[in-house]
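Going by the working numbering, the first residue of the sequence shown is number 147, and it counts up by one from there. Here is the structure we will look at.
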Amino acid sequence: MTPSQPSKLPPGFVQTLAAIVGEAGLLTDADAIEPFLTEPRGTYRGETEVVVRPASTAELSAVVTACANAQIAMVPQGGGTGLCGGAVPSSTGDQVVISLARMNRIRSIDPHSFTMTVEAGCILADIQRAAESVDLLFPLSLGAEGSCQIGGNLSTNAGGTQVLRFGNSRDLVLGLEVVLPDGQVLDMLRGLRKDNTGYHLAGLFCGAEGTLGIISAAVLKLFPQPREVATALVAVPDLDAVIKLLSLARSATGDALSGCEFIPRIALEMVLRHIPGTRDPFPTPYPHYLLLEAQSGSEEGRVTQEVEKLLADAVDSELILDATVAQSPAQAEALWHIRESIPDAQKPEGLSVKHDVSLPIHLVPRFVKQASQLVEAEVPGIRVVAFGHVGDGNVHFNLSQPLDMDRATYASHRHKLSELVHELAMSMGGSFSAEHGIGQLKRDELRRYRSDSELQVMRKIKAALDPHGLMNPGKVL
Numbered sequence: 147m148t149p150s151q152p153s154k155l156p157p158g159f160v161q162t163l164a165a166i167v168g169e170a171g172l173l174t175d176a177d178a179i180e181p182f183l184t185e186p187r188g189t190y191r192g193e194t195e196v197v198v199r200p201a202s203t204a205e206l207s208a209v210v211t212a213c214a215n216a217q218i219a220m221v222p223q224g225g226g227t228g229l230c231g232g233a234v235p236s237s238t239g240d241q242v243v244i245s246l247a248r249m250n251r252i253r254s255i256d257p258h259s260f261t262m263t264v265e266a267g268c269i270l271a272d273i274q275r276a277a278e279s280v281d282l283l284f285p286l287s288l289g290a291e292g293s294c295q296i297g298g299n300l301s302t303n304a305g306g307t308q309v310l311r312f313g314n315s316r317d318l319v320l321g322l323e324v325v326l327p328d329g330q331v332l333d334m335l336r337g338l339r340k341d342n343t344g345y346h347l348a349g350l351f352c353g354a355e356g357t358l359g360i361i362s363a364a365v366l367k368l369f370p371q372p373r374e375v376a377t378a379l380v381a382v383p384d385l386d387a388v389i390k391l392l393s394l395a396r397s398a399t400g401d402a403l404s405g406c407e408f409i410p411r412i413a414l415e416m417v418l419r420h421i422p423g424t425r426d427p428f429p430t431p432y433p434h435y436l437l438l439e440a441q442s443g444s445e446e447g448r449v450t451q452e453v454e455k456l457l458a459d460a461v462d463s464e465l466i467l468d469a470t471v472a473q474s475p476a477q478a479e480a481l482w483h484i485r486e487s488i489p490d491a492q493k494p495e496g497l498s499v500k501h502d503v504s505l506p507i508h509l510v511p512r513f514v515k516q517a518s519q520l521v522e523a524e525v526p527g528i529r530v531v532a533f534g535h536v537g538d539g540n541v542h543f544n545l546s547q548p549l550d551m552d553r554a555t556y557a558s559h560r561h562k563l564s565e566l567v568h569e570l571a572m573s574m575g576g577s578f579s580a581e582h583g584i585g586q587l588k589r590d591e592l593r594r595y596r597s598d599s600e601l602q603v604m605r606k607i608k609a610a611l612d613p614h615g616l617m618n619p620g621k622v623l
C-alpha cells in the first residue's frame, strides 16, 4: 500500500494486531509482504496490507478473535508451496494473511507411543529429522519438504511418494489443535490410536484448506525406521506392464512396497537435458520406466533378495526389458532424484498445463492412452508428460507446449485441455484432484463434478463453523 492509498482495514486495526504479536510478528512493508502474495506457478496474485505472524496458539487465537470481531477475512498461509492458489489473498486488499511460520516448535516426541506433537509452522524436513533422531520415521515425503509446513500439508491432505504404504497426510494424524473462525481453540491433541467418541472432527480439518479453521498443532504418527531399503529402476515396454509388475511386487515383498512411480521416456529426457548431474540409468533408451522401493525392518537383506528375484522372473517372462537395483544409498538417491526433478525439468520446455488426477489403478494405462489421444487431437504436437504415483492411482498428466507453438497460443487451449482430461478421469470413476486440493484453481470443477448432496453438506458445515465466511473465503467452495 502506498501512502496515497487509503487503508481498506478499520482505523487502528493494524495497531490492534501489533499489540498481540509484537513488532516481530507483523509485516507491513511492501517488500516484506511481496513473497506472501503469490504461489509457485504464478497463476494467482493477491494483495494485503498486513501479514501477521503469531508465535503461539494463544497469539493466533487472539489474532483470529480480533479479525472476527472486526469482520476481517483471514487467509492462513504455510510454506507457500501449494499449487492451487489456496493460500493467496484476494486482489481486493482487504484480507489479512496469517502466516504460521513462527509457530515452529516440536512440542514433544514420545518414542514409546510412536507419536510426535508439532506446531503447524514446522518444516516437513525438520519433522523427518526429528523422528530420525529417535530412530523413528515420519513417512510423509514430497518434493517441497524442505520448505513446506506441516499445517499446510494437513490442511491440503498432501500425498507424496509413500501413500501406497502409509496413506495421505490425513492418515498420519492422531489429533489436532485448531483455532476456529471465532477464535475459539479446539483442542483435540490426543495421541490415541483408539478414540471412538463421536464425530471424527480432526479429519474434517484435514483437506479443508483453511476454510473451516486454522490448524495450529498436530499429533503425528511415527513408524519404525526401515533397516533395509531396496530401490530399483525398471524399464518396461508399456503401462500395462507397470500395473502387472506393481501387483507382483506387492505380493513378492509381503506388501513391503513403499514407492511405485512411473516415468515416461520424454520426462527422463527432459531431466537429462535440464537437471545438472543426472545421467541415463541405462545405455539403451526405453519407452517407460518404473521406480520401485521396498522397505523392511530387518537387516538380513530379505527384501532386496525378494526384489531381485521378482525382477529376474519378470525378465524371464518378458514383463520387463531391463532393470537396475541400487547398490548404495547414494545410488538410490540418484534414482529418486530423477523422479523428483521432473517438474523442474519441464519448466525450461515452455508452458505446461498440469493435471493431478487419480484413477482406479487398473485403469491408469487406459486413461493415459485415451487422454493422450484426446489432447493430441486438440493440439497437434502437444507433448504428453504423464508420470506419478501409480501405486496409488495418481497420475500427474502434464502437457508441455508444442515445439512449434508460441506460449500465448498454447495458453488459449488450457481450459479445453483440462476439460478433456478431467471429463475422462471422472467418466472412469476417478478424481480431478488426487493430492493438490481445490484452492481457487478447481472450484468450478468441484461444483461441476460433485453431487448436489455432497456440496450441500459441505456448505452446511462451512456455514455452521464460519457463518460470516471470514476464513479463507473464495477457496474450495
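The C-beta atom is built at its ideal place from N, Cα and C for all residues, glycine as well. Remember, it's a predicted structure, so these values are computed and weren't measured experimentally.
Minimum C-alpha distance to Leu-616 - residue among Thr-357, Val-319, His-559: Thr-357
C-alpha distance - Leu-282 paired with Ala-276, whole-angstrom precision: 8 angstroms
CB contact flag (Ala-580, Gly-305, <8 angstroms): yes
Length of the line joining the Cα atoms of Tyr-556 and Asp-384: 28 angstroms
Rounded distance between the beta-carbons of Val-388 and His-434, thought under 8 angstroms: 7 angstroms
Neighbour-count burial assignment, Gln-161, 16 or more Cβ in a 10 Å radius: exposed
Per-residue DSSP class, three states only, for Ile-179: helix
Length of the line joining the Cα atoms of Leu-350 and Lys-340: 17 angstroms
Entirely enclosed alpha helix (DSSP H) segments - the segment 395-462, minimum 4 residues: 411-420, 448-462
Rounded Cβ spacing between Lys-154 and Glu-195 (contact assumed at less than 8 angstroms): 7 angstroms
Touching by the beta-carbon criterion (3+ pairs, under 8 angstroms), the segment 508-523 and the segment 365-375: no
Beta-carbon gap between Arg-187 and Leu-229 smaller than 8 angstroms: yes
Beta-carbon contacts of Val-210 that lie in its chain and below 6 angstroms, excluding the five residues immediately before and after: Val-325, Gly-329
Cβ-Cβ separation, Ala-233 to Gly-224 (assumed contact under 8 angstroms), whole Å: 7 angstroms
Under 8 angstroms between C-beta atoms of Val-503 and Val-567: yes
DSSP three-state assignment for Ile-255, whether helix, strand or coil: strand
Counted within 10 angstroms of its Cβ, other Cβ atoms place Asp-333 as buried (16 or more) or exposed: exposed
Collapsed DSSP secondary structure at Glu-291 in the structure displayed: coil
His-614 versus Asn-299: straight-line alpha-carbon distance, rounded: 26 angstroms
Identity of the residue in Val-319, Glu-355, Val-375 nearest His-346 by Cα: Val-319
Between the CA atoms of Leu-418 and Leu-286 - distance to the nearest angstrom: 27 angstroms
Own chain, CB closer than 7 angstroms to Ser-259, minus 5 neighbours either side, in chain order: Gly-337
Delimiting residues of the beta strand (DSSP E) encompassing Lys-367: 360-367
Separation of His-559 from Cys-268, as counted between CA atoms: 39 angstroms
Own chain, CB closer than 6 angstroms to Ala-440, minus 5 neighbours either side, in chain order: Ala-376, Thr-399, Ala-402, Leu-403, Val-449, Val-453
Distance between Ser-207 and Ile-421 (C-alpha atoms, nearest Å): 44 angstroms
Length at least 3, wholly inside the segment 203-277: the beta strand (DSSP E) runs in chain order: 220-223, 242-245, 252-256, 261-265
Buried/exposed call for Asp-612, threshold 16 Cβ in 10 Å: buried
Coarse secondary structure for Gly-297, derived from DSSP in three states: helix
Helix, strand or coil at Glu-479 according to DSSP, with G and I counted as helix: helix
The beta strand (DSSP E) enclosing Arg-336, as first and last residue numbers: Where Arg-336 is concerned, there is no enclosing beta strand (DSSP E), given that its DSSP letter is neither H nor E.
Other residues of its chain near Asp-459: CB distance less than 6 angstroms, five sequence neighbours each side excluded: none
Cβ pair Gly-405, Leu-310 closer than 8 angstroms: yes
Gly-583 (DSSP reduced to helix, strand or coil): coil
Rounded straight-line distance, which links the Cα of Ile-273 to that of Ala-395: 30 angstroms
Distance between Gly-620 and Ser-354 (C-alpha atoms, nearest Å): Note on residue identity: the sequence assigns Ala, not Ser, to residue 354. Ala-354 and Gly-620: Cα-Cα distance of roughly 12 angstroms.
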